[in-house]
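Below is one structure, written out as structure tokens; the observations come after it.
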Amino acid sequence: MKQIYANPDLCTGCKLCSIACATVKLHVANPRKGCIIVRQNLFERYEFQSLCRHCDPAPCLDACMTGCIERDANGVVRLDSARCVGCWMCVMVCPYDAIARDLEVQVARKCDLCPERAAPACVTVCPTEALMWAESTK
Amino acid sequence: MKHTPTKPRPLATLAHVDLTTRRVEISETPPELVRKFVGGRGLNMYYLYKYLKPNTDPFAPENPLLIGAGLLTGTGAPNSGRHSITTKSPESGILGDSNIGGFFGPELRYAGIDRLLITGKADAPVYLYVEDGRVEIRDAQKYWGTNCSEATTRFKHDLGADVEVELIGTAGENKVRYAATRYGLKNAAGRCGTGAVWGSKNLKAIAARGNLGLPLAHPEDLLAKCVELRKYLHQSKVIQTLGRVGTPLLYDVSNFLGAIRTRNSQQTSFEETLNAEEIHRYVDKMLSCAGCVVHCRHRNSLGGEGPEYTSQVMVGANIGIADPAQVIELQNIVNELGLDVSSVGTYLGWAIELHERGMLDKKMTGGLELKFGDYVTVKQLIYDIAARRGLGDLLAEGSRLADKFPGSEDFLIAIKGLPQSDPHDVRYMKAFALGIATASRGADHLRSRPTLEIFDLPAEFTRQVYGQPVDPNPTSYTSKALVVTYNETIYAVVDCVGICKFNCHGFNSPRNLNYDHFRELIYLATGLEFTKEELVQVGQRVIDLERLINMREGITRQDDTLPARYFDEPMTGRRTKGHQIDRAKFAQMLDEYYALHNWDTEGRPPRERVAEFEAL
Chain A
1 MKQIYANPDL CTGCKLCSIA CATVKLHVAN PRKGCIIVRQ NLFERYEFQS
51 LCRHCDPAPC LDACMTGCIE RDANGVVRLD SARCVGCWMC VMVCPYDAIA
101 RDLEVQVARK CDLCPERAAP ACVTVCPTEA LMWAESTK
Chain B
1001 MKHTPTKPRP LATLAHVDLT TRRVEISETP PELVRKFVGG RGLNMYYLYK
1051 YLKPNTDPFA PENPLLIGAG LLTGTGAPNS GRHSITTKSP ESGILGDSNI
1101 GGFFGPELRY AGIDRLLITG KADAPVYLYV EDGRVEIRDA QKYWGTNCSE
1151 ATTRFKHDLG ADVEVELIGT AGENKVRYAA TRYGLKNAAG RCGTGAVWGS
1201 KNLKAIAARG NLGLPLAHPE DLLAKCVELR KYLHQSKVIQ TLGRVGTPLL
1251 YDVSNFLGAI RTRNSQQTSF EETLNAEEIH RYVDKMLSCA GCVVHCRHRN
1301 SLGGEGPEYT SQVMVGANIG IADPAQVIEL QNIVNELGLD VSSVGTYLGW
1351 AIELHERGML DKKMTGGLEL KFGDYVTVKQ LIYDIAARRG LGDLLAEGSR
1401 LADKFPGSED FLIAIKGLPQ SDPHDVRYMK AFALGIATAS RGADHLRSRP
1451 TLEIFDLPAE FTRQVYGQPV DPNPTSYTSK ALVVTYNETI YAVVDCVGIC
1501 KFNCHGFNSP RNLNYDHFRE LIYLATGLEF TKEELVQVGQ RVIDLERLIN
1551 MREGITRQDD TLPARYFDEP MTGRRTKGHQ IDRAKFAQML DEYYALHNWD
1601 TEGRPPRERV AEFEAL
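One line per chain: the protein sequences are A and B, in this order. Position 27 of the first sequence, counted from 1, bears residue number 27 in the working numbering, the numbering being contiguous throughout. All you need for the working numbering is the position in the second sequence, starting with 1, plus 1000.
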């Protein structure tokens, strides 16, 4: 399965990946609405990308009380926001802190690897190649 | 995934905060004003024109303070992380305006507010908290007295790590006339003393958290355009080098030429110890501001960010310090205290020269011996300026100090009361000289710096850029008014859209983004259609408006001039040796510049312009 791989050493913290995600998924700009999260602390001197690994087994899938998180036939763990009630259980159990909370509409946002695109939008816009779209070598 | 519609949002919003009455009013910015001024610096100037009464004391509660994002700020357009802070400057006494990167501007927009208009004065220290369409005035007593890193860290501790905070350090609290507004470790709206105006209003900080989506008119096309432009920009050698070493690359170029402001411009070349590669030894990683594809910011190994070319020279060559570690240390301190490094470095160099000339004696310095290259004394003096202690208190008054020492003004590298920001000595390149002489906020290169002058470009190329060929000789006075006017106009537009000048056509490279790119990006992000001509008119309108604001504050043709030293003393270094500015030829350049602006020979815009602004 093809996955997004992150290299934090190359990440400069611009958040274009998160903005691009919100742009294509929701037609708005705001990195908080993106499914990839750039965590940066200028004072502690770090930045890295939090992104979904589509774990198997996936803790978020097991924790979701409405059943809005499912694994599709390709192994991609998907979240249907229409059925999400904003309980944040998935956010709490994610070992990679990779599920975003959209506080404007109180639903979780999670990466689906952009199945409709040749490559995920975040990978396409990254100016430093800090994100890669590659086949898993497992 | 559900496509949840974001709440409808006006094109632009204004929050008027009166700190005296503690009232907040939020309104939609009329769309016709957006068409005329776009946003950022342009709309800020419109509100400054309307709300600033002539001859207001910059520290009076009535002085309006504007914090305004550009029309593309936060949209994901290349380098769209910028916003402008505008007020009457306590340093120069004319319009004060400064542009800043980081992440605060986009966050303000995501919180549903495009622009804050702050008037009045709080009776005790306060900060503003902005979230999702509301603005609260909150107590800031516990943060008062802290410098930038500590204050930001405390705000994030108390409000959540995800808030973006713009604030002032102790220099702003103490109303040092060139205190900066700061974000993070280094980003600054450094120029014109905006931070001192925050301090005068008892405003410590603004914290923003934005959960709202910024609607995009044509999201897929916008994304494709941004990717295309990023690839286009990355072909530029200058952009590549900026991403690798940042602005220190300009030191090497200017110093090689012999045009580095050295020891208060008494010399024009300095040590190679401050070359970009030497500075880069202290760089751990290059960073970006919001939406940036260039990443020119350095995380340095001495605990801060930077240095930029400006700090490298202003607290380096200009005060005779050649050790890169000492220069970085000094600029880290300047940033922490919340001072403008261009002004600090200029005043320090000036004070040292005045001391050497006997014009600033030991009685005035409090017994301090001032020498070029004296790191220990200078470091202490920077702390003293921020705290307004001893000689530091005198220097905190900035260019106004010249009134106390007759004759000292001749040695101050400032115009209209604002020290020169560009470390480049402008006596060699005449277009640079005209640019800083006419810049609306005082001696500043970011209003019009025609960097292409460095490259000796052939006539067929300059015809493409400027519409007609210009004299390729940078030391010639011919056709330079055209070069300055062209750059001044497009830079005004880039400041209105909220994109970084490093991406702007003409700033560092003939490639980069031009009017057509801005036009396309605005359409794809907002749906608004502008022609190239309309955008040019926006730039011209902003420049005229700025001129009118300054005229109300007493600016005339006599103020569009240069520091005395640039006319009277030749340069000393390398290829530039012997160059200076000829007064008569300079006056002729100024005549041409006014004519290109359709201003009269005294530099006054036509009556129709005044009528146009009065009607708005």
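Note that the Cβ used here is the ideal one computed from N, Cα and C, for glycine as well. None of these values were measured; they are calculated from a predicted model.
Contact annotation: the segment 1470-1478 of chain B touches the segment 1579-1589 of chain B, with at least three C-beta pairs closer than 8 angstroms. Beta-bridge annotation (DSSP): B:N1099 is paired with B:S1084.
The Cβ of B:S1509 sits no closer than 9 angstroms to any Cβ of chain A. From the beta-carbon of B:P1215, the residues of chain A found nearer than 9 angstroms are H27, V28 and A29. Here the C-alpha atom of B:W1599 lies approximately 14 angstroms from the C-alpha atom of B:M1589. Counting only Cβ-Cβ distances below 7 angstroms, A:R45 has contacts in chain B at R1299, in chain order. Scanning chain A for C-beta atoms nearer than 9 angstroms to the C-beta of B:H1295 yields T12, G13, C14, P127 and T128, reported in chain order.
B:L1116 is bridged by DSSP to B:A1015 and B:I1067. Between B:V1497 and B:Y1183, the alpha-carbon positions lie close to 20 angstroms from each other. At a cut-off of 9 angstroms between beta-carbon atoms, A:L103 makes contact with chain B. Judged by DSSP secondary structure, B:N1550 falls within the alpha helix (DSSP H) whose first and last residues are K1532 to R1552. When beta bridges are read from the DSSP output, A:F48 appears opposite A:R39. B:E1173: member of the alpha helix (DSSP H) spanning T1170 to E1173, first to last residue. Nearest Cα to A:P59 within the set A:P115, A:V38, A:I99 and A:L10: A:I99.
Distance from the CA atom of B:P1090 to the CA atom of B:T1561, rounded to whole angstroms, is 20 angstroms.
At a cut-off of 4 residues, the continuous stretches assigned as alpha helix (DSSP H) that sit fully inside the segment 1135-1201 of chain B are 1148-1159, 1170-1173 and 1194-1200. Interface with chain A (9 angstroms Cβ-Cβ cutoff): B:S1149 is included. DSSP lists A:R78 as the beta-bridge partner residues of A:E70.
Secondary structure note for B:D1410: it is in no beta strand (DSSP E), with a DSSP letter that is neither H nor E. Our two residues, B:T1073 and B:E1353, have alpha carbons roughly 43 angstroms apart in a direct line. Per DSSP, the beta bridge partners of B:E1028 are B:T1013. The straight-line gap separating the alpha-carbon atoms of A:V123 and A:M92 is approximately 26 angstroms.
Where B:R1447 is concerned, there is no enclosing beta strand (DSSP E), because DSSP gives it neither an H nor an E. Within chain A, the residues whose beta carbon sits less than 7 angstroms from that of B:G1184 are L42, listed in sequence order.
In the DSSP assignment, B:K1053 falls outside any beta strand (DSSP E), carrying neither H nor E.
Per DSSP, B:L1434 lies in no beta strand (DSSP E); the unbroken alpha helix (DSSP H) holding it starts and ends at K1430 to T1438. For B:K1237, the enclosing alpha helix (DSSP H) covers residues K1237 to V1245.
Under the Cβ criterion of 9 angstroms, A:A63 is not counted among the residues facing chain B. Across the segment 1214-1243 of chain B, CB contacts with chain A closer than 8 angstroms involve L1214, P1215, L1216, P1219, E1220, L1222, L1223, C1226, V1227, R1230 and H1234, in sequence order along the chain. Against chain A, the beta carbon of B:S1311 has no neighbour under 7 angstroms; the closest one sits roughly 17 angstroms away. Taking a beta-carbon distance threshold of 9 angstroms, B:E1336 does not count as an interface residue toward chain A. The segment 67-85 of chain A makes no contact with the segment 38-48 of chain A, as fewer than three CB pairs between them are under 8 angstroms.
Below the 7 angstroms Cβ cutoff, chain B contributes G1076 and G1291 as neighbours of A:I19, in chain order. Three or more beta-carbon pairs drawn from the segment 1446-1455 of chain B and the segment 1415-1434 of chain B are found closer than 8 angstroms, and the two stretches are therefore classed as touching. Looking at the DSSP output, B:N1079 shares a beta bridge with no other residue. Beta-bridge analysis with DSSP links A:D102 to A:V107.
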